[in-house]
Amino acid sequence: CTLLLGTAIINASLAVWMCQILGMTWLSTVICAFGIFFIGEILPHSVASRHGLAIAAKTIWVTRLLMVLSFPISYPISKLLDLILNQEISNFYTREKLLEMLRVTDPYHDLVKEELNIIQGALELRTKTVEDVLTPLTDCFMLAADAVLDFNTMTEIMQSGYTRIPVFEIERSNIVDILFVKDLAFVDPDDCTPLKTITQFYKHPLHCVFSDTKLDAMLEEFKK
Numbered sequence: 013c014t015l016l017l018g019t020a021i022i023n024a025s026l027a028v029w030m031c032q033i034l035g036m037t038w039l040s041t042v043i044c045a046f047g048i049f050f051i052g053e054i055l056p057h058s059v060a061s062r063h064g065l066a067i068a069a070k071t072i073w074v075t076r077l078l079m080v081l082s083f084p085i086s087y088p089i090s091k092l093l094d095l096i097l098n099q100e101i102s103n104f105y106t107r108e109k110l111l112e113m114l115r116v117t118d119p120y121h122d123l124v125k126e127e128l129n130i131i132q133g134a135l136e137l138r139t140k141t142v143e144d145v146l147t148p149l150t151d152c153f154m155l156a157a158d159a160v161l162d163f164n165t166m167t168e169i170m171q172s173g174y175t176r177i178p179v180f181e182i183e184r185s186n187i188v189d190i191l192f193v194k195d196l197a198f199v200d201p202d203d204c205t206p207l208k209t210i211t212q213f214y215k216h217p218l219h220c221v222f223s224d225t226k227l228d229a230m231l232e233e234f235k236k
């Protein structure tokens, strides 16, 4: 209320001042309108949109002084508005609005592409499903259940860069086990150890989910 009241007083004072100088003519009306438009609207908004926090920090004492001076008028008005309008409804943004703001302002913010992808991915957790982000079986790095952990196989595992590797039997869609690469720490390639020996020793559980499971539910499952 203090700022709005101050703006109204300044605008009214400018109009009265122009009328006293030029009289009640169309010229005073035009000059007053353009003065309020440029000095009271365009200029403050242009400057504050870029340096709003800095200006507010430097002029906070002015705002507090105006609050004290206008207290007898602004305080009753603010209480009356609270009584009539009840709780104030603040501005809020939905996930869709935030995502669109990120896309629209992409050329102007200093976020790198990887950071932008992480933010967008976090905002889409509740809307995307496992099917939207999963890697097709045809593109997965997998090992056959009857594989032997010789030098060539161990090299392929290391070069893949994965820490958990599905193990299939006969068909790639028939996943029967999962290999943790850390389990190979003490495996000697010269021994040609069967893969089944390692997987049956550790027996890591397979976690299966439906393709329509939401990603936020999957994240909670991973935390467990």
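Heads up, the sequence shown is in the numbering used here, so the first residue is 13 and it goes up one at a time. Even for Gly, the Cβ is constructed at its ideal location relative to N, Cα and C.
Nearest neighbour of H216, chosen from F192, T225, L97 and A24 [CA to CA]: F192
Identified DSSP bridge partners for E181: E183
Closest residue to M166 among T205, K109 and L15 (Cα-Cα distance): T205
Host alpha helix (DSSP H) of M154 (start-end): Unbroken run through M154: none, as it is neither H nor E.
F213 versus V199 - alpha carbon distance: 13 angstroms
F247 - DSSP class collapsed to helix/strand/coil: One cannot answer for residue 247 here, as it falls past the ends of the chain, which runs 13 to 236.
Nearest-angstrom beta carbon gap, R184 and L149 [assumed within contact, 8 angstroms]: 5 angstroms
Residue(s) in a DSSP beta bridge with R176: F192
7 angstroms Cβ cutoff met for S82 and V142: no
D189, buried or exposed, once every other Cβ within 10 Å from all chains shown has been counted against 16: buried
Cβ shell of L155 (< 7 angstroms), same chain only, five flanking positions each side left out: I177, V179, L191 and L207
Nonlocal neighbours in the same chain, by C-beta distance under 6 angstroms from T19, ignoring five residues either side: none
Unbroken stretches of the alpha helix (DSSP H), 4 residues or longer, contained in the region 31-94: 38-47, 55-70 and 72-81
Assigned secondary structure, P217 (DSSP; H/G/I helix, E/B strand, else coil): coil
Secondary structure of K236, DSSP reduced to three states: coil
C-beta atoms of L135 and R107 nearer than 7 angstroms: yes
In DSSP terms, what L161 is bridged to: T205
Length of the line joining the Cα atoms of R62 and L55: 12 angstroms
Closest residue to D195 among I169, D202 and H219 (Cα-Cα distance): I169
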